[in-house]
Structure formats: structure tokens, C-alpha cells
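Right, one structure below, let's go through it.
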Amino acid sequence: MAEAVIDLAAIAENIRTIAAIARTGLMAVVKADAFGHGAVPVARTALGAGAGWLGVTSATEAVALRSAGIDAPVLSWLHRPDEDFTRLIAADIDIAVSTLTHLRAIADAATDLGVPAAVHLKADVGLSRNGASGDEWPELVAWARKHEAEGTVRVHGVWSHLTNADVPGCPSIAWQLSTFREALRVARDAGLDPEVAHLANSAATLAAPETRFDLCRIGLAMYGVDPFGATGPRRFGLRPAMTLRSRVINLKRVPAGTGVSYGPDHVTDRPTTLALLPLGYADGLSRTAEGRAWVWLAGRRCPIVGRIAMDQCIVDVGDLPVALGDPVVVFGPGTEPGSPDPAEPTATEWARWTGTNPHEVLTGIGARVARVHQRGEAAT
Numbered sequence: 281m282a283e284a285v286i287d288l289a290a291i292a293e294n295i296r297t298i299a300a301i302a303r304t305g306l307m308a309v310v311k312a313d314a315f316g317h318g319a320v321p322v323a324r325t326a327l328g329a330g331a332g333w334l335g336v337t338s339a340t341e342a343v344a345l346r347s348a349g350i351d352a353p354v355l356s357w358l359h360r361p362d363e364d365f366t367r368l369i370a371a372d373i374d375i376a377v378s379t380l381t382h383l384r385a386i387a388d389a390a391t392d393l394g395v396p397a398a399v400h401l402k403a404d405v406g407l408s409r410n411g412a413s414g415d416e417w418p419e420l421v422a423w424a425r426k427h428e429a430e431g432t433v434r435v436h437g438v439w440s441h442l443t444n445a446d447v448p449g450c451p452s453i454a455w456q457l458s459t460f461r462e463a464l465r466v467a468r469d470a471g472l473d474p475e476v477a478h479l480a481n482s483a484a485t486l487a488a489p490e491t492r493f494d495l496c497r498i499g500l501a502m503y504g505v506d507p508f509g510a511t512g513p514r515r516f517g518l519r520p521a522m523t524l525r526s527r528v529i530n531l532k533r534v535p536a537g538t539g540v541s542y543g544p545d546h547v548t549d550r551p552t553t554l555a556l557l558p559l560g561y562a563d564g565l566s567r568t569a570e571g572r573a574w575v576w577l578a579g580r581r582c583p584i585v586g587r588i589a590m591d592q593c594i595v596d597v598g599d600l601p602v603a604l605g606d607p608v609v610v611f612g613p614g615t616e617p618g619s620p621d622p623a624e625p626t627a628t629e630w631a632r633w634t635g636t637n638p639h640e641v642l643t644g645i646g647a648r649v650a651r652v653h654q655r656g657e658a659a660t
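The opening residue of the sequence shown carries number 281 in this note's numbering; numbering runs sequentially from there.
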């Protein structure tokens, strides 16, 4: 009853645009089912457009790419200490390492298999999430060098993640860059020779060239969303790849004073027509959008009114000529830059209406919303 149409051509175009800016290697981040866009088709598209690496956050995601026949370099970066690392090593998947406990478990698994594990050591440069902090880092790299000498580990990379790259001119970027460079120096002084160093996310890739190193990890920008939103220094020519759409499944002509949905929190102030859509918070439309969100219907923006329910929401279409089965766009590419014509809402606008970021809007689109992949006019 609803579908998310994924424009693979837009993803390919975005990657080529970013590559022209970055002029370095690209890792296409396809975690969380490629931000809700479909990991396998997006991964293939990204590789075909010039990305050299894929990034995921779990063993399950990584192995699924291999099971689909994708043999490009893959980095997986979030694991329990008791993870079965043998399946990652056997599948030739690079593994991120932040603690000695993880490193030892990976080395043990590699010993069992008789195959060295490829790892990327992660330094914490200020995010305070994963990664080895400054006082832990020298010991981690020393043990990594020892395991490398024993033949159980190959240190493929050193990496980290920025905290505020999406805030133009944020002074923390320079400090974190300096901290990362120091971590690289310590690793090399310990005898390691990583093939790739990577720090930049989408925002840094586009606007902080000093952070690019050997690889840039691109997520949100690859899917066509400007990571700077309305605060950025400029537009980058990115094209949103996902269009969330549905159809009207019921219509009611109601008088003024009619309560709408639960509560009711909304009461009509005039005679109007209410259109029912088979999309609710189980499909990714947050209840916090009540009273703020709009959809595209009958050639104009119409407001969602009343509480959004689990499976459905209601749109006030006024006196527009709407019929059962008419198409509705919840969000899509939006207005072309410089165009005076109105257009459907975007994921960025939905993020503002719901008090979150576009990442959550995209990844929150539920599993029962069908994904339709298309390149030009061809759909799969």
C-alpha cells in the first residue's frame, strides 16, 4: 500500500559528484540496509559508480553482501567481544578493532583458521564512542604489531570519526584532525604500515579537504541529502534517491467542528475533505510530526492532521478534486535548485518537522514499505 522508490541513477550520480570533490578513495556506507535504500542494490550501484570500499556495522550485514556475490573490500565496525570472528575472516571482511579484548579474539579466530585477519584500528579522537582513547592507543597498536609479526593479523587501516563535521567552521575539526594525525604517527612508530587511513564522513568529505586522507566514508551524501541542511556553505548538487509514496484509500467530506483521529487533537475549522493514507508510525511517520507535516497530493502540499496512528494518517485536502486511489508523495527530491515551482516535501523537511535528522527519517521507513529500485525508467 506504500512504497519507497529508490533512484539508483541518483545514487550513482551523487557518488560521481562526491568523487570529483574528494579526489580520493570512497567507502560507500551501506549499513542499516543502506540507510533504508536496500544494501545489495545500493552496494552494486556504488561500486559501479567508482566507490572502492563498502562500510557496514555488523557481521550480519557484511556476510549478507558476500552472500549476494559482492567481493569488493568491506569494513565491518561494531561487534561484541564474543563475536564469531571466524566467519568474517573466512569471508575476507576487514574488521574494525577498538579494544585489546577484540584484537585478541580476532587473533585467536585467525589462528584457528590459519588465515590472517585484516583489521582497521580505530582511535577515539573526541566522539567518546568506539575507538581506543589516547592512553589506550599505544598499547593497542603495540599488540597489533605483535600479532602482525606472528602472522595472525594484518593492519589494513587506521581510522576514526569526527564529532561536528556538519557544523561549518567548527573548531573541534582541527583539534580532532591533529589528534588523528598523532594516532597515525604512534601507529607507524610502532612498526605498523596501514594501507589506508580514513577520518572523513560525508560532511567532511564535501567541505573539509584536510580530513580526507586515503578514504572518505560517504553515507548521507551518497543518498542525496546535503549533510549541512540549511546551514551549509553551499549546495553540492546532490539528488535525493528515495521517494516515499502511497495512495488515497478513503475520503470523507466532513463539516466544521469534526474531530480527526485520536483525542481528537485536531478539529476541523471549516467544511473540508479528509483523505486517508495507509501509512503510520510503524512505517516511519513519526507521531511527533502531528500538526507540522505535509504531503504532496493533487499538485500541491496538503497537511497531515490529527494524530498519526500505527498504520494510517489523515490529510486535509480542502476542496481539491481528490479521488480514491490518487497518488501521494510523502517525501521526495523536492524542488530543483533555483526553481520557483513548489514540490513535494523532502526527507530533510520531515527531519525538521519531527525534531530529528534525515538519517533517522530514511532508516525509519518500515520493512512493510516495499522498496522499488529503478535506474531511469527501469524498476526492480
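Glycine included, each C-beta is placed from N, C-alpha and C at the ideal position. Only a predicted model underlies this, so the values are computations on that prediction, with no experimental measurement involved.
Query - Segment limits, beta strand (DSSP E) that includes Val534 - result: 530-534
Report task. Could you have a look at Gln654 and say whether DSSP puts it in helix, strand or coil? Result -> strand
Query raised in the report: Do Arg527 and Pro396 have their C-beta atoms within less than 8 Å of each other?
Result: no
Query raised in the report: Taking C-beta to C-beta, are Ile584 and Ala308 nearer than 8 Å?
Result: No, Cβ-Cβ distance for Ile584 and Ala308 is not below 8 Å.
Requested in this report: Could you say which of Tyr542, Ile453, Ala312 lies nearest to Gly335 if we only look at CA atoms?
Outcome: Ala312
Query raised in the report: Going by other Cβ atoms of all chains shown within 10 Å of its Cβ, with 16 needed for buried, is Asn481 buried or exposed?
Result: buried
Query - Minimum C-alpha distance to Leu401 - residue among Gly394, Val438, Ala389 - result: Val438
Report task. Look up Gly512 in the DSSP assignment and say whether it is helix, strand or coil. Result -> Unreliable positioning characterises Gly512 in this predicted model, as indicated by a pLDDT of 41, which lies under 50. A coordinate reading is not provided.
Query raised in the report: By Cβ distance below 7 Å, which residues in the same chain neighbour His639 in space, the five residues on each side in sequence not counted?
Result: Beyond the five residues adjoining it in sequence on each side, His639 comes within less than 7 Å, by CB distance, of Phe315, Leu500 in the same chain, given in chain order.
Query raised in the report: Per DSSP, what kind of secondary structure is Ala441 in: helix, strand or coil?
Result: Residue 441 is actually His in this sequence, not Ala. Coil, per DSSP.
Query raised in the report: In three-state terms, what does DSSP make of Ile350?
Result: Ile350: coil per DSSP, three-state reduction.
Query raised in the report: For Ile584, does the three-state DSSP call read helix, strand or coil?
Result: strand
Query raised in the report: Among the residues of its own chain, which have a CB less than 6 Å from the CB of Val610, if the five just before and after it don't count?
Result: Excluding sequence neighbours, Val610 sits near Leu524, Val575.
Requested in this report: Use the C-beta contact count for Pro513: other C-beta atoms within 10 angstroms, 16 or more gives buried, fewer gives exposed.
Outcome: Caution applies to Pro513, whose pLDDT of 39 falls short of 50 and renders its modelled position unreliable; the value that the coordinates give is listed next. Looking at its Cβ environment, which holds fewer than 16 other Cβ atoms inside 10 Å, Pro513 is exposed.
Query - For Ile291, three-class secondary structure by DSSP - result: helix
Query raised in the report: Considering only residues of the stretch 541-587, which uninterrupted beta strand (DSSP E) runs meet the minimum length of 3 residues and lie entirely inside it, listed in chain order?
Result: For the stretch 541-587, whole beta strand (DSSP E) runs of length 3 or above, ordered along the chain, are 552-557, 574-577, 580-585.
Query raised in the report: To which residues of the same chain is Val547 closer than 8 Å at the C-beta, ignoring the five residues directly before and after it?
Result: Gly537, Thr538, Gly539, Val540
Requested in this report: Tell me whether Met522 sits in a helix, a strand or coil according to DSSP, three-state version.
Outcome: strand
Query - Same chain only: Cβ atoms within 6 Å of Asp469, ignoring 5 sequence neighbours per side - result: Nothing listed; no residue qualifies.
Requested in this report: Could you name the residues that DSSP lists as bridge partners for Val399?
Outcome: Ile375, Val435
Query raised in the report: How long is the line joining the alpha carbons of Glu430 and Ala424, rounded to whole angstroms?
Result: It is roughly 10 Å from the alpha-carbon of Glu430 to the alpha-carbon of Ala424.
Requested in this report: Excluding the 5 residues preceding and the 5 following Asp591 in the sequence, name in chain order all residues of the same chain whose CB lies nearer than 7 Å to its CB.
Outcome: So the qualifying residues of the chain are Pro558, Gly560, Ala562.
Query - Residues near Asn637 by beta carbon distance below 8 Å, same chain, minus five either side - result: Ala631
Query raised in the report: How many Å lie between Ala555 and Ala483 at the Cα?
Result: 39 Å
Query raised in the report: Nearest-angstrom Cα distance between Val405 and Leu495?
Result: 17 Å
Report task. Report the option in Gly586, Thr568, Asp599 whose CA atom is closest to the CA atom of Leu577. Result -> Asp599
Query raised in the report: Leaving out five residues before and five after Gly328 in sequence, what residues of the same chain have Cβ atoms less than 8 Å from its Cβ?
Result: Once the five neighbours on either side are set aside, the close Cβ partners of Gly328 are Ala292.
Query raised in the report: Going by the CB atoms, is the gap between Ala398 and Asp374 shorter than 8 Å?
Result: The answer is yes: Cβ separation under 8 Å.
Query raised in the report: What are the start and end residues of the beta strand (DSSP E) that includes Trp333?
Result: Where Trp333 is concerned, the enclosing beta strand (DSSP E) starts and stops at 333-336.
Query raised in the report: Between Gly316 and chain C, is there a C-beta pair that is closer than 8 Å?
Result: The chain inventory of the structure shown lacks chain C, comprising one protein chain alone.
Query - Residue range of the unbroken beta strand (DSSP E) whose run includes Phe493 - result: Per DSSP, Phe493 lies in no beta strand (DSSP E) segment and is marked neither H nor E.
Query raised in the report: What are the boundary residues of the beta strand (DSSP E) that includes Leu306?
Result: 305-309
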